[in-house]
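Novice: Structure in structure tokens, see below.
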Amino acid sequence: MKFKPLKDNVVVQVLEAKGKTTGGLFLPDTAKEKPQEGKVVAIGTGKRLKSGEISPLSVKVGDKILFSKYSGNEVKIEGEEYLIFSEKDILAILE
Amino acid sequence: MKFKPLKDNVVVQVLEAKGKTTGGLFLPDTAKEKPQEGKVVAIGTGKRLKSGEISPLSVKVGDKILFSKYSGNEVKIEGEEYLIFSEKDILAILE
Amino acid sequence: MKFKPLKDNVVVQVLEAKGKTTGGLFLPDTAKEKPQEGKVVAIGTGKRLKSGEISPLSVKVGDKILFSKYSGNEVKIEGEEYLIFSEKDILAILE
Amino acid sequence: MKFKPLKDNVVVQVLEAKGKTTGGLFLPDTAKEKPQEGKVVAIGTGKRLKSGEISPLSVKVGDKILFSKYSGNEVKIEGEEYLIFSEKDILAILE
Amino acid sequence: MKFKPLKDNVVVQVLEAKGKTTGGLFLPDTAKEKPQEGKVVAIGTGKRLKSGEISPLSVKVGDKILFSKYSGNEVKIEGEEYLIFSEKDILAILE
Amino acid sequence: MKFKPLKDNVVVQVLEAKGKTTGGLFLPDTAKEKPQEGKVVAIGTGKRLKSGEISPLSVKVGDKILFSKYSGNEVKIEGEEYLIFSEKDILAILE
Amino acid sequence: MKFKPLKDNVVVQVLEAKGKTTGGLFLPDTAKEKPQEGKVVAIGTGKRLKSGEISPLSVKVGDKILFSKYSGNEVKIEGEEYLIFSEKDILAILE
């Protein structure tokens, strides 16, 4: 199954916050920070501007991104969880 | 009876969340996830842009789509439930 | 007495939710669903676009329509109840 | 004293809801419906569009109109109560 | 000291609601209606439109105006109270 | 240290409400009115309009201004308190 | 690891409020003011205007800036905390 996000929507696979402290201790689930990093797995064709033109997205499939906490729609496809959100909720690309 | 949605409205038949775990157990109703998948059964003619042009929809009848939780207007036509919402609440097409 | 709705307003006669189950039982008032179907009895001349043009309505008098729950202004004219709302709250025409 | 409403404001004299049932009984004040009918007593010169043009109003002095519940600003001039609201809160003209 | 309101701001001297009934009785403060009339004492140079043009105000110094309840910013200059608000909160000019 | 406010931001030094009644009595802090006067100490270069042009500010450094209660961002630079706000929250210049 | 903020986003390293009074006393954490100063460590390529043009940012990497309290998205990259926000939440550059 494949995704074809509409307009400026982006499908993101959330990268789990690491459950280990820098000292090597494992953290219980509640102590983990809400993850804010993800990998882009599908992008829309771009948003239609008022002029009629399509504005292409600034991220591409494979980009590792940083998104704002609590943004996005959680969806579950074939047992795997994704976040879908508008490109404007993407804060930065990590290189 | 047929639907003719106005503007960028889309009539969607909700696809029930499967009431069975991957292990084959049946789940009670309250344990089911709120469904977010649906099949497009009717689409509007498109939204009129400020320029006067009509912007055609990006989904077509028969498309299996993903929509955001809690979006849409629930309607019941001849005993069957549908969701009607604006195309902008559609997140992705599943292929 | 006649109505002349302004701009993109539409006067709708609400079609009562049927107080009978498919099995033929009569339902008490509180068990009825809030009706969402209506018949257009008067339409405005259209909304003035920013360009100055008038955008004609997509519904016409006599159309049976579906509208979103809780939308519209309830008015009572000569003892009869109507809903007046902007055309954008009309979801679909039923044919 | 005369009114000169600004822009798309309209001064309306509220027509009291009739305190009598169709059977001829007088209703106490609390049982009356909130009135939604009024008579236009003064209109503004129209709203300035972004293009710079003035968009003329669609109602004229003397029109009997229907307005949405709870809209408008209550003002009292020389002991008489009026409602002033923007033309966009007028739902329909009654003929 | 003089005022030079910015843009479409208007400085208004509030005209006190009369503390006397039509029958000549003096009303205690709490029984007075919140005043909605005022006299324009200073006006801005007008709001800059998107086109770059300045849209002149429709009120002039000395105008007796009607404004909507609770609108405006209360300011006190040299012991006297004024209201400053945007011209769009002015409902009508009284003549 | 100097400020260079961005866009239409203005840095304002708040002028303390006078803690003395007109009769010469000193007022405790809680009885003082929230100050609404200030002196402009730095201004931005202006807001970029949609057309691409920069719209210059209407206030200049040194202006004594009146601003609306509770507007602005409190900042502390080198021990001194300032308010920074958008020019649109400035109501009037006092001359 | 490097950041490439999207559009008009800016990555800022928060400069800690100094935990020392001017008299030299150390302040406990709760007595410190919420910091509002930061250093720009990465900037986006600019926001796309409606005309299609890209509007360049007014801050550059290395700028010491003042931002409004509570604005911005807290992110943690490789153990270090940053704030990412839209350029419009930057109030002033400190020189």
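Protein chains in written order, with our numbering: chain A, 7 to 101; chain B, 7 to 101; chain C, 7 to 101; chain D, 7 to 101; chain E, 7 to 101; chain F, 7 to 101; chain G, 7 to 101. Here a beta-carbon is modelled for each residue, glycine too, at the ideal position from N, C-alpha and C. On a predicted model such as this, the values are computed, not experimentally measured, just so you know.
1) Which of helix, strand or coil does DSSP assign to A:D8?
2) Does the pairing of the region 8 to 15 of chain B with the region 10 to 21 of chain G give three or more beta-carbon distances under 8 Å?
3) Taking the beta strand (DSSP E) that A:Y76 belongs to, which residues open and close that run?
4) Given 8 Å as the limit, is there contact between the region 46 to 60 of chain F and the region 48 to 68 of chain G, that is, 3 or more CB pairs closer than that?
5) Give the straight-line distance between the Cα atoms of A:D69 and A:L89, rounded to the nearest whole angstrom.
6) Of the choices D:E43, D:G50, D:S77 and D:V81, whose alpha-carbon is the least far from that of D:L100?
7) Within the continuous beta strand (DSSP E) that includes E:S92, where are the two ends?
8) Quick one: is E:V17 buried, meaning 16 or more other Cβ sit within 10 Å of its Cβ, or exposed?
9) Can you list, in chain order, the residues of its chain whose CB lies under 7 Å from that of F:L72, leaving out five sequence neighbours each side?
10) Which one of G:D14, G:K13 and G:V47 has the shortest CA to CA distance from G:I83?
11) How many angstroms separate the CA atom of C:I49 from the CA atom of D:F91?
12) Would E:V67 be called buried (16 or more neighbouring beta carbons within 10 Å of its own) or exposed?
13) I need the straight-line Cα distance from B:K75 to A:G78, nearest angstrom please.
14) Quick one, are the C-beta atoms of A:E80 and A:E87 less than 8 Å apart?
15) Leaving out five residues before and five after F:K45 in sequence, what residues of the same chain have Cβ atoms less than 6 Å from its Cβ?
16) If we define contact as Cβ-Cβ less than 8 Å, is F:L72 a contact residue for chain E?
17) Does E:I99 have its Cβ less than 8 Å from a Cβ in chain F?
18) Determine the extent of the beta strand (DSSP E) in which F:Q19 is found, giving its start and end residues.
19) What does DSSP give as the partner residue(s) for G:L100 in the beta ladder?
20) Against D:P11, what residues of chain E qualify as contacts under a CB-to-CB distance less than 7 Å, listed in chain order?
21) Note down, in chain order, every chain B residue with its Cβ under 9 Å from the Cβ of C:D89.
22) Below 6 Å CB to CB, which residues in the same chain sit around G:E93 once its five sequence neighbours on both sides are set aside?
23) Closer than 7 Å by C-beta to G:L12: which residues in its own chain qualify, once you throw out the five before and the five after it? Chain order, please.
24) What residues from chain D crowd round C:V47, counting only those whose CB sits closer than 8 Å?
25) Identify the residues that DSSP records as bridge partners of E:V46: which are they?
26) So with Cβ pairs under 8 Å, would you call D:L55 a contact of chain C?
27) Does any C-beta atom of chain G lie closer than 8 Å to the C-beta of F:E93?
28) So what does C:V81 bridge to, in DSSP terms?
Specialist: To lay it out plainly:
1) According to the sequence shown, residue 8 of chain A is Lys rather than Asp. DSSP places A:K8 in coil when its eight states are reduced to three.
2) no
3) Taken as a continuous stretch (DSSP letters only), A:Y76 belongs to no beta strand (DSSP E), as it is neither H nor E.
4) yes
5) 14 Å
6) D:E43
7) E86 to S92
8) buried
9) Q42, E43, L97, A98 and L100
10) G:V47
11) 22 Å
12) exposed
13) 11 Å
14) yes
15) Q19 and K70
16) yes
17) no
18) N15 to L21
19) F:F9 and G:K70
20) L97 and A98
21) Here the sequence assigns Leu to residue 89 of chain C, which means Asp is not the residue at that position. Ordered by position in chain B, no residue passes the 9 Å Cβ test against C:L89, which lies about 15 Å from the chain.
22) D14, V16 and L63
23) G50
24) Under the 8 Å cutoff, chain D gives no residues; its nearest Cβ is about 11 Å from C:V47.
25) E:V18
26) yes
27) no
28) C:Y88
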